[in-house]
Amino acid sequence: ADYLLSPLGGEFDSTEIDWSLVVAAANICDASLSGGNAPPSGAQARYTCNLLLQATDDFLGNCKLITDTMLGRFVFRDGQWRIYAGAWTSPVHNMDQKCFVGPVSIQASSPRDQRYNSVRAFFVNPAKSWQRVECYPRVNATYKTNDGSEGIAKEIEIPGVTNEYRAQYISEILLRQ
13 ADYLLSPLGG EFDSTEIDWS LVVAAANICD ASLSGGNAPP SGAQARYTCN LLLQATDDFL
73 GNCKLITDTM LGRFVFRDGQ WRIYAGAWTS PVHNMDQKCF VGPVSIQASS PRDQRYNSVR
133 AFFVNPAKSW QRVECYPRVN ATYKTNDGSE GIAKEIEIPG VTNEYRAQYI SEILLRQ
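For our numbering, add 12 to where a residue sits in the sequence shown, where the first one is 1.
Written out as structure tokens, the structure reads:
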């Protein structure tokens with residue numbers, strides 16, 4: 013939201029931002045990361061953004077770099093920017109046969125070029141002189157078995173992430189999608 017308001021960013025008016033969604037996204041980002049992807053010293057914030065942006069770079073490209081650090085999305089709809097952080101939300105609609113106006117086609121699996129059973133994430137590590145490094149890759153053995161035991165990796169760049177645990181967390185979420 014700060015980048016959208018900034019003269020070096022979008023220079024939008026504050027009325028052009030859905031602030032309730034900004035608050036919701038901030039709460040998601042500030043929630044504790046725990047479990048298998050938490051650092052040994054304890055919990056940390058789920059998402060942080062650690063980027064150096066160039067004001068001369070493409071505005072939408074910079075917005076994407078920012079939202080990628082929180083597995084998020086941003087859209088401009090009905091005269092307002094809407095910002096979403098990546099987190100599970102319960103479905104709000106039930107679907108039944110009244111929702112369909114024609115024949116239904118079900119695709120049992122994704123096309124080959126859209127499938128993967130491991131994620132390799134590259135992030136910037138301050139402990140290694142701010143160099144691009146790969147975090148420990150996330151692999152799902154069940155997915156690999158379903159793909160005929162062939163390893164199919166998806167590579168992602170998350171330059172706004174400076175923590176291996178957070179990079180692994182993002183990788184795991186993408187793998188489960």
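By construction, the Cβ of each residue, glycine as well, lies at the ideal position given by its N, Cα and C atoms.
- The region 153 to 167 makes contact with the region 114 to 129; the number of CB pairs closer than 8 Å reaches 3 or more.
- For E176, the uninterrupted alpha helix (DSSP H) segment begins and ends at 176 to 188.
- For M82, the closest of W100, F71, D70, D25 by C-alpha to C-alpha distance is W100.
- Under the 8 Å Cβ criterion, the region 129 to 138 does not count as touching the region 98 to 112, having fewer than three qualifying pairs.
- Setting aside the 5 residues that flank it on each side, Q92 is surrounded in the same chain by E28, I29, D30, each with a C-beta closer than 7 Å to its C-beta; the list follows chain order.
- For F134, the enclosing beta strand (DSSP E) begins and ends at 130 to 137.
- Annotation: V145 to Y181 spans about 15 Å, alpha carbon to alpha carbon.
- For V113, there is no enclosing alpha helix (DSSP H), as DSSP marks it with neither H nor E.
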